[in-house]
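Structure first, commentary second.
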Amino acid sequence: MDTVVAAPVCTVCGRRPVTAYRLSLRGEVTCAEHPVRAECMFCARTHDDPAPPGWRPFTAGMMRCPRCLVDAVETQREARLHLPSVRRQMTEIGLELPERVRVRIVSPQEAEAVAGPLATGVLLGLTEQLIGGEEGTRVTGISIVAGMPPTYFGRAVAHEIGHAWLALRGRAPVDDVVEEGVCELFAYAWLRRRGTPMALQLRSRLGANPDPVYGGGFRMVHQAVQRHGIATVLDRLLTTGGLR
Ligand SMILES: [Zn+2]
Ligand SMILES: [Zn+2]
Ligand SMILES: [Zn+2]
């Protein structure tokens, strides 16, 4: 069988890059000689114009490229198209929520109003919990920020389902680093299941994340899982609140 591979053309000038080029997470190319004045926060595609035509802001100072805008999850209706498969894949991974938790699409401003401003990075999702009371911890909902491509949307949902699962299973107090690490592990597992080139790129980025809480926590939990298996690690977490 013959396979014809079209030579990729640059996203800025439309020509085939002659020497070096930059690669987006989607595999698009941009000549390295174009200065970087805008960068898509999702796929890392770059542009030499600080406000390129067809690009739109996500939050202040964060841009989205036209390709990432095409299928971005902007509304509750669009979220409903993607949620069933994410929930199903999480169940296949072994993370079934004991009760249904609503996923709500919120604006970046709404999410920040609830969580407070982040020291670094951008807030993409959060799980709201009521702790204490007669019924113990209740999860009131998961909020996911509007405007992300489906892979980022699913990754955020998978991470937040992790928090909801821990809360609903009545886990002992878990250290923040361990808790975020576990939720990143669930996101990591989901990205492998999704399996698209972008998902696999995001997955290796997640593993190499320099952030001490998210990246550091992930590596700590991942190592424990490789040594003892996921069942043992989750069991310890639910009984002792830690990894041992
Ligand atoms: Zn070019
Ligand atoms: Zn993009
Ligand atoms: Zn988290």
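Basically my numbering = 1-based index in the sequence shown + 121.
In this text, a Cβ means the ideal position worked out from N, Cα and C, and glycines have one as well.
Close-in-space but distant-in-sequence residues of the same chain around V298 (CB under 8 Å, 5 per side omitted): P333, V334, G337, G338 and M341
Three-way DSSP call (helix, strand, coil) for G316 in this model: coil
Exposed unless 16 or more other CB atoms sit within 10 angstroms - verdict on E213: exposed
Proximity of P271 and D192 at Cβ, strictly below 8 Å: yes
Bounding residues of the alpha helix (DSSP H) (the contiguous stretch that carries L144): Run containing L144: none in the alpha helix (DSSP H); it sits in the beta strand (DSSP E), Y142 to L144.
Cβ-heavy atom distance, T151 to ligand 5, below 7 Å: The ligand content of the structure shown is limited to ligand 1, ligand 2 and ligand 3, which means ligand 5 is not among them.
Three-way DSSP call (helix, strand, coil) for P205 in this model: helix
Contact shell at 5 Å, judged by CB to any heavy atom of ligand 2, ordered along the chain: Qualifying residues, in the order they occur: C161, F163, C164, R166, C186 and C189.
Residue span of the beta strand (DSSP E) that contains V224, given as start and end: V224 to V227
For T167, the residue or residues it bridges with in DSSP: E160
Contact belief for V133 with H168 at Cβ below 8 Å, rounded distance in angstroms: 6 Å
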